[in-house]
Amino acid sequence: MLLIYTHHISPRLQYIVEYLFFEVVKVHVKLTENKLEYEAYQSPKMAYTPQIEPQGAWLYASKLLFETHINQEIPATNETIWGKAFFISPQPQSIAPFDVFAACFWLVSRYEEYIIQHKDRHNRFDYRQSWAFKNQLLHIPLVNLWTQKLLDQLKNIYPELEIAKSKYTSILTFDIDNLFAFKG
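Under the working numbering, the first residue of the sequence shown is numbered 1, with each subsequent residue one higher.
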């Protein structure tokens, strides 16, 4: 089990941790706000806080997952050793060069669709306005790649961290918008 300490367990943080560690990869995690529990824990652990935590792995936490409103600012994009990203860590001690949880939440929740007002003629979000399209990353599974890189970093620190193999399956579907449109 991976224990993740944070200064505040917010709904946004709970959502993205559950998504990344239960849907994208299979790692048993527990979130805690109890610093004493975190400090006493002797197995794989990670602090997700704005300030550096000296014990265990530390992942920089930006403010996005702790906010309760829609922030109208589009985060600045920077080139990192993990490729283009946003919510960049100001501290090199972070196990990732940016806030992986916030960046993944921003992409998975399609956060930018609440900010960008450019819609097509059917009042839909125009994908050409998206961060991924503008950075030529629309075809890359960033959330999966970033999650795997985060796990690789954690495995370097904690070789005993157990990660279950993901099983992929194909599900073929048909998209039938108007079933009886041409019925005689």
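Even glycine gets a Cβ: it sits at the ideal position worked out from N, Cα and C. This one's a predicted model, so the numbers in the text were calculated from it and none came from an experiment.
For residue i: DSSP bridge partner residues
| i | result |
| --- | --- |
| N78 | A85 |
| Y48 | T6 and L59 |
Local Cβ density within 10 Å of residue i, reported as buried at 16 or more and exposed below that
| i | result |
| --- | --- |
| S170 | exposed |
| I70 | exposed |
| I4 | buried |
| K167 | exposed |
| F180 | exposed |
| A102 | buried |
| Y127 | exposed |
| P92 | exposed |
| M1 | exposed |
| T111 | Correcting the residue type first, residue 111 is Tyr in the shown sequence and not Thr. Looking at its Cβ environment, which holds 16 or more other Cβ atoms inside 10 Å, Y111 is buried. |
| L138 | exposed |
| L107 | buried |
Neighbour flag for residue i against chain D, beta carbons, 7 Å
| i | result |
| --- | --- |
| T32 | Any reference to chain D falls outside this structure, which holds one protein chain only. |
For residue i, the three-state DSSP class (helix, strand or coil)
| i | result |
| --- | --- |
| I4 | strand |
| A267 | The first residue shown for the chain is 1 and the last is 184, placing residue 267 beyond what the model contains. |
| K63 | coil |
| V27 | coil |
| F21 | helix |
| K35 | helix |
| K155 | helix |
Expected contact under 8 Å - CB spacing of residue i and residue j to nearest Å
| i | j | result |
| --- | --- | --- |
| L154 | L161 | 6 Å |
| L59 | I95 | 6 Å |
| Q55 | E39 | 6 Å |
| T77 | F98 | Not a contact, Cβ separation roughly 10 Å. |
inquiry  = Using a Cβ distance threshold of 8 Å, determine whether the segment 60–75 contacts the segment 5–12, with at least three qualifying pairs required.
reply    = Pairwise C-beta distances place the segment 60–75 in contact with the segment 5–12, as three or more of them are shorter than 8 Å.
request  = Decide if the segment 82–94 is in contact with the segment 115–127; the criterion is three or more beta carbon pairs, one per stretch, under 8 Å apart.
outcome  = Touching, no, given that fewer than three Cβ pairs across the two stretches are closer than 8 Å.
inquiry  = With three or more beta-carbon pairs closer than 8 Å as the criterion, would you say the segment 42–55 touches the segment 126–144?
reply    = Between the segment 42–55 and the segment 126–144, the count of C-beta pairs closer than 8 Å stays below three; the two stretches do not touch.
message = I want to know whether the segment 140–149 touches the segment 32–40 - three or more CB-CB distances under 8 Å.
response = Contact between the segment 140–149 and the segment 32–40 is absent: fewer than three C-beta pairs spanning the two stretches fall below 8 Å.
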